[in-house]
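Start counting the sequence shown at 2; every next residue gets the next number (my numbering). The C-beta atom is built at its ideal place from N, Cα and C for all residues, glycine as well. These numbers were taken from a predicted model, which means no experiment stands behind them. Remarks on the structure that follows.
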Amino acid sequence: MNKRESISALVDKHFDDIVLVNDTIWGFAEPGMKETKSAEFYGKFFEERGFKVDMGVGEVPTAFVASWGEGKPVVGFLGEFDALPTLSQKAAKAVKDPVVEGAYGQGCGHNSLGAGAAGAALAFRDYLEENHMQGTVRFYGCPGEENGSGKVFMARNGLFDDQDICITWHPSDMNRIVSCSSLACIGVFFEFRGVASHAAGNPHLGRSALDACELMNVGVNYLREHIIPEARVHYAYINAGGIAPNVVHDYAKIHYFVRAPKIKTAQEIFQRVIACAEGAARMTGTTMNMIFQDALCDFQGSRTLEPVMQEALEEIGAPAFDENDLKLAAEFRKTFTQADLDDIQKSLGDLGYDPEIIGKDDVLHQGVLPYKPLNFASPGSTDVGDASYCAPTLQLNMATEALGTPGHSWQVTAQSCSTIAYKGTAAAAKVMALTAAKAIEQPELLAKAQDELHKLNGGKYECPIPADVKPLL
Numbered sequence: 002m003n004k005r006e007s008i009s010a011l012v013d014k015h016f017d018d019i020v021l022v023n024d025t026i027w028g029f030a031e032p033g034m035k036e037t038k039s040a041e042f043y044g045k046f047f048e049e050r051g052f053k054v055d056m057g058v059g060e061v062p063t064a065f066v067a068s069w070g071e072g073k074p075v076v077g078f079l080g081e082f083d084a085l086p087t088l089s090q091k092a093a094k095a096v097k098d099p100v101v102e103g104a105y106g107q108g109c110g111h112n113s114l115g116a117g118a119a120g121a122a123l124a125f126r127d128y129l130e131e132n133h134m135q136g137t138v139r140f141y142g143c144p145g146e147e148n149g150s151g152k153v154f155m156a157r158n159g160l161f162d163d164q165d166i167c168i169t170w171h172p173s174d175m176n177r178i179v180s181c182s183s184l185a186c187i188g189v190f191f192e193f194r195g196v197a198s199h200a201a202g203n204p205h206l207g208r209s210a211l212d213a214c215e216l217m218n219v220g221v222n223y224l225r226e227h228i229i230p231e232a233r234v235h236y237a238y239i240n241a242g243g244i245a246p247n248v249v250h251d252y253a254k255i256h257y258f259v260r261a262p263k264i265k266t267a268q269e270i271f272q273r274v275i276a277c278a279e280g281a282a283r284m285t286g287t288t289m290n291m292i293f294q295d296a297l298c299d300f301q302g303s304r305t306l307e308p309v310m311q312e313a314l315e316e317i318g319a320p321a322f323d324e325n326d327l328k329l330a331a332e333f334r335k336t337f338t339q340a341d342l343d344d345i346q347k348s349l350g351d352l353g354y355d356p357e358i359i360g361k362d363d364v365l366h367q368g369v370l371p372y373k374p375l376n377f378a379s380p381g382s383t384d385v386g387d388a389s390y391c392a393p394t395l396q397l398n399m400a401t402e403a404l405g406t407p408g409h410s411w412q413v414t415a416q417s418c419s420t421i422a423y424k425g426t427a428a429a430a431k432v433m434a435l436t437a438a439k440a441i442e443q444p445e446l447l448a449k450a451q452d453e454l455h456k457l458n459g460g461k462y463e464c465p466i467p468a469d470v471k472p473l474l
């Protein structure tokens with residue numbers, strides 16, 4: 002057998018394991034940084050399959066590293082398992098029907114993400130054993146991608162530093178290499194404290210924390226004109242002071258995100274947001290306190306190694322969907338808005354592809370998009386970025402859902418526990434394991450990837466979260 006056939010057979014051998022992980026984590030559907038059942042399951046899963054497991058790493062109780070082997074090369078696979086609030090939904094059902102109304106659900110497919118990475122780790126371990134090759138295989142259990150940035154704290158504790166290559170993927174509606182960057186992001190709570198009083202009887206005695214929030218927002222809104230167009234600043238009230246209009250509110254709390262294509266740019270803009278908050282406190286006679294939630298770097302994939310993953314993707318090909326999968330996908334497509342469906346061709350154009358490379362009537366992506374090194378940041382943020390500042394990192398998208406599926410939706414939850422997801426997840430595992438097998442046989446390429454990383458991080462990862470800030474658990 003050639004390399005592709007060998008890896009494919011090894012992943013197929015672990016197909017039941019992939020489905021087990023996929024469905025078990027789907028059923029747990031736990032909040033970020035609180036994935037206790039998921040972490041416990043993964044720990045036992047890998048121990049039973051011959052891996053050494055270190056639990057509670059990186060200052061996060063639900064973070065872990067499962068390791069097998071020793072010495073170089075070191076290949077890591079990143080897994081996630083957190084869920085999203087209010088997205089509970091029955092499996093493979095194309096009508097909105099929560100398992101538990103208002104409960105968490107796998108609306109971003111992280112159950113499949115972890116299952117695919119686990120399958121890749123097991124298959125690659127088997128590949129090294131079969132070929133009597135030295136190396137270290139790691140599965141990183143990374144909590145709180147949606148909220149909490151577990152990888153950032155893992156990175157801060159040096160857990161990614163010695164990898165020769167770090168590989169991950171994300172469930173999607175298309176099959177492609179993630180060759181664009183992502184936005185760095187800083188998330189902070191601002192608390193204002195003032196003096197309560199009767200808004201009619203003694204307004205002169207009050208110092209309004211709500212006014213401070215409002216004035217901070219005014220300042221930030223004027224600031225938007227003076228930051229780069231690619232940056233984003235978002236806010237939401239956590240506590241607007243209360244519901245009584247005849248009270249001068251003595252406490253208010255607001256949550257801000259600052260995003261930019263590079264972490265250093267985000268940090269510069271963030272300092273100006275802080276100045277707006279400080280000015281608002283001075284204007285209103287209140288005090289301001291910052292609670293640092295999290296911060297994460299922009300994702301920067303390894304340009305050196307991306308062609309290796311593309312080669313593996315083309316050799317493995319798209320998931321082998323059948324007629325039943327196509328029928329199920331068609332049922333889900335009926336629940337999408339026209340805007341969701343139109344966005345497929347728009348997204349392809351934004352990525353530099355011919356919008357017609359995927360047909361408007363296609364319900365599942367059954368091809369592979371060609372490789373295009375893209376020099377722009379996607380609008381989202383991910384803590385995979387911090388891993389990419391510690392080790393040469395690759396990221397894949399694989400089809401596990403109908404074309405046009407809106408992100409963070411009940412439709413994602415439903416499809417993440419279906420035959421569509423099983424097949425897409427197994428295909429992703431094959432691509433990742435084959436990428437690793439190809440890369441380790443090219444030491445000169447791995448060395449070049451390390452040189453590329455050095456140019457990116459200056460030789461050392463700098464954590465964007467202050468050293469005294471602990472994870473919000």
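Inter-residue spacing [alpha-carbon to alpha-carbon] between ALA95 and LEU329: 8 Å
Every unbroken beta strand (DSSP E) inside the region 436-463 [3 residues or more]: none
Taking the DSSP output, what are the residues bridged to VAL249? SER198
Per DSSP, cross-strand counterpart(s) of ASP55: VAL66
Along the chain, which unbroken stretches of the beta strand (DSSP E) at least 3 residues long are found entirely within the region 244-324? 252-261, 288-297
Relative to the C-alpha of PRO472, which candidate in GLU332, ASP295, HIS199, VAL54 has its C-alpha closest? ASP295
DSSP three-state call for LEU85: helix, strand or coil? strand
Endpoints, the alpha helix (DSSP H) within which ALA388 is located: 385-389
Distance check for LEU216 and ALA267, CA to CA, integer angstroms please. 22 Å
Around the Cβ of VAL219, are there at least 16 other Cβ atoms within 10 angstroms (buried) or fewer (exposed)? exposed
State the start and end residues of the unbroken beta strand (DSSP E) segment that holds HIS171. 166-173
Straight-line CA distance for ARG304 to GLN443? 15 Å
Nearest-angstrom Cα separation, counted from VAL189 out to LEU446: 39 Å
Please report the straight-line C-alpha distance between TYR277 and ILE345, rounded to a whole angstrom. For clarity, residue 277 is Cys in the given sequence; the question names Tyr instead. Roughly 39 Å between the two C-alpha positions.
Go through the region 84-167 residue by residue and report every complete run of the alpha helix (DSSP H) that reaches 4 residues or more, in order. 111-131, 151-157
Please name the residue or residues paired with PHE193 in a DSSP beta bridge. ALA253, MET289
Could you check where the alpha helix (DSSP H) with THR336 kicks off and where it finishes? Careful: THR336 lies outside any alpha helix (DSSP H) and carries neither H nor E.
Compare the C-alpha of GLU48 against each of PRO230, GLU36, VAL234, VAL66 and name the closest. VAL66
Start and end residues, beta strand (DSSP E) containing PRO397: Note that residue 397 corresponds to Leu in the displayed sequence, not to Pro. 394-400 is the extent of the beta strand (DSSP E) around LEU397.
Counterpart residues of ARG50 in DSSP-defined beta bridges: Bridge partners of ARG50: none, in fact.
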